[in-house]
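Chains as they are written, first to last, in the working numbering: chain A, 1 to 487; chain B, 1 to 487. Cβ atoms here follow ideal geometry from the backbone N, Cα and C, with glycine treated the same way. As the structure is a prediction and not an experimental result, all values here were calculated from the model.
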């Protein structure tokens, strides 16, 4: 944290995370104080001194409101997320109506839902009307239909068209990321004309690192980076210094393509054009950063078996809903594995050591399979895996599995031998480990590559599938070998 | 993909991902053609027509080299990553020496290692000398000591000081992300003076979206965004339009703080100051994007039990090394779980159904525990969990666990009853499921919160720990209850 500046912070200015956390604590103190007053008055069980209560109540709320007015909408969003539902709605009521739209954009989906539920349709319409069309499109899926229709009617025709366009793009496409805040210039003017033209703006759109050079038909001819505009002689013509070979995106491109381009070429903004090279929008780095974060989070959540991000203060029932689907899938795969064991109950009755050893075979297989699958999914996502690389990758993964199987399987075989004083049990253990690791390697390569060939997301449920295979497979291999050779 | 432009692409210009993949394929075709020639000549087993071979060989290599010269260093890096080791080194040889440094910066750690191993110390020194100090610091850990010392000696004193400074910051701090390409101005000059000053540059540093306003002692007074510089009247003084309330970072701040600030406030660059508000560097959004990606990847890899990113064409032995540590941990936890089962072998012998049912109890517990822990780890990372929230979170998670336990445990109890025609077995199954889910919920909250209180990374090995607890715990609860009530 840095020493506080002497002047009070301007509204909407960003703050260091430590300061924001201090703000959260202040808000919590104010809320707690207010609650204490209410409790005290209630507890005395006397005719309530409503006047006093009201006064104190109002004083705290006014203090809170003042605090909120000095804050950036993203920070308000953070504080709302960190508060339990009742306190959250109290604070939300105090947020100035003109920030409602921005704050709704910034909060997580789960929290947004709780806020929207608390708002009257007229408030929602007012909030939505503050937003740009591209922002509105982000919010639209969460708005009640009536509200959306009202907002739609209130838009000028051209923005209505923009909104319709953005909403028509699928999630995870460039179209869904783009905005329309481009500054365009012609190529046949001098830089000082451009400079004068820019001075007619009150301000330039955020993330304007380059101006888009278009012809009469709005076709993109090149870009004029501000860095070039600022260093070249004012009498130079735009066409002489503009960059012509630039990266352009199309609205139908996958968002991941934009993310890779921004990451690889360190872009701040990029033009979106249609098939005739007509400029239709732009993508900025802040939209890309949000996309990257959300993707990473979605992956992590899916891997752990959660459908979506959870409001940590959500009612228990919402959490149950968010988690039940993957638990159900897990239940089915566990049940299948259990039935595999059931088929060998006779063997287990005769040699009960099998029951104690079998989870090891299944568990290590699952872990190794997850390692393989994660590696392949990542390589596919980065575009490093050609469809014909399958054989090469299989060969390598089988090699790794064989070495791991010999080392760990051998070790566990010795342990089993020593524990149960049965050499043949040890050999079966080692053989089962090696085989299950080979299965894990093969399936770990084939699942994501097959999903890719089918045009699906290679990460989709991959972890669940591999664990299902290595569990059932592990039990089958181990108990099967044991039944053949030991029983 | 967009229609190709009429002029040939400029060197180093970014390309659409589809074009880059086309380039990769072209490179592969050229490599394959060359290999075929070599094989043919070898196979004929005649005195080799060395002249012919050499000619064809050279022709292909020249074509390849030409192809590479038109490419952005990030795209060359991508192609190197997608090629197996022998072809990778062949292509690497053809990359112009002046791009070596940039390409080394762009490739993944694993691939970088393979490239550096193939280079002579003198080549490495030459490559390193092309880089800025902040880039050099990123590369330094991978360079042989001798090379680093040589590079160090070749630097002018002030850059040497910068390099020493950047390298002294720990990974994952703002200091490790920052660069030194700031453009500074004084507050008492007019904007047109600033504009004239900027024209003296050949070009402005990348990601210059704002100029830093400093006083005589280099203390930060504010920033002048280019957007403001461009729209305000030229005679205005800097002090009248500069932003004074700005977000500043310190070099010791966690990188995650910078990432959150960039994400929350949509920044392109931010000033890094010392405790006296002296400007020491800046962080730009491209460094933050890379950091966010790397963090997300590291999380994913760790979750799957991989130490670091793998070069998919790495020798088998490297992959084994990357994966063995987590497999070993998993082996230990699996062994402990196995010993828990071992303690109940008597019960299993008497009622072999227990062996088939016990993995279900353990598996569902592990899945539910991972759901809880992922949710809490995420909330902690976003700063949403106050240390005193423990009780509230525990209460909620216990609630979710109870509902899930009643639903899924009840269902499985019925299934067990039906399968084995034993109502008491069904009741034990249900009770064990409920208890293990409660254990999973409690441990899922307590592990990350305790790690946080101890100042550790709450995600560190969390998944392994929770699975260890729910496996051993699940077996213990189920077999224990069964032994008490059924045997």
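query: Thinking just about the alpha-carbon of each residue, which of 229/A, 223/A, 194/A is nearest to the one in residue 202/B?
result: Each of 229/A, 223/A, 194/A was checked against the Cα of residue 202/B, and the nearest Cα belongs to 229/A.
- prompt: Which residues bound the beta strand (DSSP E) around residue 281/A?
  reply: That run of the beta strand (DSSP E) goes 279-284.
- prompt: Using a Cβ-Cβ cut-off of 7 Å (strictly less than) and excluding sequence neighbours within five positions of residue 209/B, which residues of its own chain qualify?
  reply: Here residue 209/B has 225, 226, 268, 269 as same chain residues with Cβ atoms under 7 Å from its own Cβ, once five neighbours each way along the sequence are excluded.
query: Which same chain residues, not among the five before or five after residue 106/A, have their C-beta less than 7 Å away from its C-beta?
result: The answer, listed in chain order, is 73, 74, 77.
- prompt: What did DSSP end up calling residue 233/B once you bin it into helix, strand or coil?
  reply: In this structure, residue 233/B counts as coil in the three-state DSSP scheme.
field: Bounding residues of the alpha helix (DSSP H) (the contiguous stretch that carries residue 137/A)
entry: Looking at the DSSP string, the run of the alpha helix (DSSP H) that includes residue 137/A is 133-139.
field: Distance, residue 33/A Cα to residue 331/B Cα
entry: So the two alpha carbons sit approximately 52 Å from each other.
message: In whole angstroms, give me the CA-to-CA distance for residue 1/B and residue 20/B.
response: Low per-residue confidence applies at residue 1/B: pLDDT is 34, beneath 50, and the placement is therefore not dependable, though the value from the model is reported in the following sentence. When rounded, the distance between both Cα atoms is 11 Å.
query: Under 7 Å, do residue 80/B and residue 88/B count as touching if we go by C-beta distance?
result: The criterion of a C-beta distance shorter than 7 Å is satisfied by residue 80/B and residue 88/B.
task: Could you pull out every residue in the same chain whose Cβ sits closer than 7 Å to the Cβ of residue 379/A, ignoring the five residues on either side in sequence?
output: Excluding positions up to five away in sequence, the list reads 385.
query: Going by beta carbon distance, what residues of the same chain come within less than 6 Å of residue 99/B, once the five residues before and after it are set aside?
result: Excluding residues up to 5 positions away in sequence, 73 lie with their Cβ nearer than 6 Å to the Cβ of residue 99/B in the same chain.
- prompt: How big is the Cα-Cα spacing for residue 25/B and residue 375/A?
  reply: Their Cα atoms are separated by approximately 22 Å.
query: What does DSSP give as the partner residues of residue 273/B in its beta bridges?
result: The secondary-structure analysis by DSSP pairs residue 273/B across a beta bridge with 250/B, 279/B.
query: Does the separation of the CB atoms of residue 469/B and residue 329/B fall below 7 Å?
result: It is not a contact, given that the beta carbons lie outside the stated cut-off.
- prompt: Nearest CA to the CA of residue 164/B: which residue from 302/B, 134/B, 92/B?
  reply: Ranking the options by Cα distance to residue 164/B, first place goes to 134/B.
query: Can you give the Cα-Cα distance for residue 372/A and residue 86/A, rounded to whole angstroms?
result: Rounded to the nearest angstrom, the two C-alpha atoms are 46 Å apart.
- prompt: Counting only beta-carbon atoms, is residue 283/B nearer than 7 Å to chain A?
  reply: Output row for residue 283/B: interface = no.
query: When you compare each of 432/B, 457/B, 456/B to residue 479/B by their alpha carbons, which one comes out closest?
result: The candidate whose alpha carbon is nearest that of residue 479/B is 432/B.
field: Contacts that residue 410/B makes with chain A (C-beta to C-beta distance below 8 Å)
entry: Residues of chain A with a Cβ closer than 8 Å to the Cβ of residue 410/B do not exist, since the nearest Cβ in that chain sits about 12 Å away.
query: Three or more beta-carbon pairs under 8 Å between the segment 282-289 of chain B and the segment 299-308 of chain A, yes or no?
result: Contact between the segment 282-289 of chain B and the segment 299-308 of chain A is absent: fewer than 3 CB-CB pairs across the two stretches fall below 8 Å.
- prompt: Under the three-state reduction of DSSP, which class applies to residue 467/A: helix, strand or coil?
  reply: Residue state, collapsed to three classes: helix.
- request: Taking only runs that begin and end inside the segment 68-124 of chain B, name each unbroken alpha helix (DSSP H) of 4 or more residues, in chain order.
  value: Complete alpha helix (DSSP H) runs here, min 4: 73-82, 85-94, 100-106, 109-117.
query: What does residue 345/B touch in chain A if you count any residue whose Cβ is under 9 Å from its own?
result: In chain order: 352, 353, 355, 356.
task: Verify whether the separation of the beta carbon atoms of residue 366/B and residue 467/B is less than 7 Å.
output: Result yes, Cβ atoms of residue 366/B and residue 467/B sit closer than 7 Å.
query: Counting contacts by CB-CB distance shorter than 7 Å, is residue 266/B in contact with chain D?
result: In the displayed structure, chain D is absent; the protein chains listed are A and B.
- request: Report buried or exposed for residue 276/A, applying the criterion of at least 16 other Cβ atoms within 10 angstroms of its Cβ.
  value: Result: exposed.
query: With respect to the beta strand (DSSP E) encompassing residue 212/B, which residues constitute its N-terminal and C-terminal limits?
result: First-last of the beta strand (DSSP E) with residue 212/B: 210-214.
query: What is the C-beta distance between residue 246/B and residue 280/B, in whole angstroms, given that I count them as a contact (C-beta under 8 Å)?
result: That belief does not hold up - the Cβ atoms of residue 246/B and residue 280/B are roughly 15 Å apart, past 8 Å.
field: Spatial distance of residue 416/B from residue 475/A (CA atoms)
entry: Taken atom to atom, the span from the alpha-carbon of residue 416/B to that of residue 475/A is near 19 Å.
task: Provide the residue span of the alpha helix (DSSP H) that contains residue 346/A, from first to last.
output: Under the DSSP assignment, residue 346/A falls in the alpha helix (DSSP H) whose first and last residues are 345-350.
query: So, is the C-beta of residue 321/B closer than 7 Å to a C-beta in chain A?
result: Not an interface residue.
- prompt: Would residue 448/B be called buried (16 or more neighbouring beta carbons within 10 Å of its own) or exposed?
  reply: Buried is the call here.
query: Closest Cβ-Cβ distance between residue 47/B and chain A: below 7 Å?
result: At residue 47/B, the pLDDT of 47 sits below 50, so the modelled position is not reliable and the matter cannot be decided from this model.
message: So for residue 487/B, helix, strand or coil by DSSP?
response: In the structure shown, residue 487/B sits in coil (DSSP, three-state: anything other than H, G, I, E or B).
- prompt: Can you find at least 3 beta carbon pairs, one from the segment 150-162 of chain B and one from the segment 256-264 of chain B, that sit closer than 8 Å?
  reply: No, the segment 150-162 of chain B is not in contact with the segment 256-264 of chain B.
message: Which residues in chain A have a C-beta closer than 9 Å to the C-beta of residue 72/B? List them in chain order.
response: The answer, in chain order, is 264, 265.
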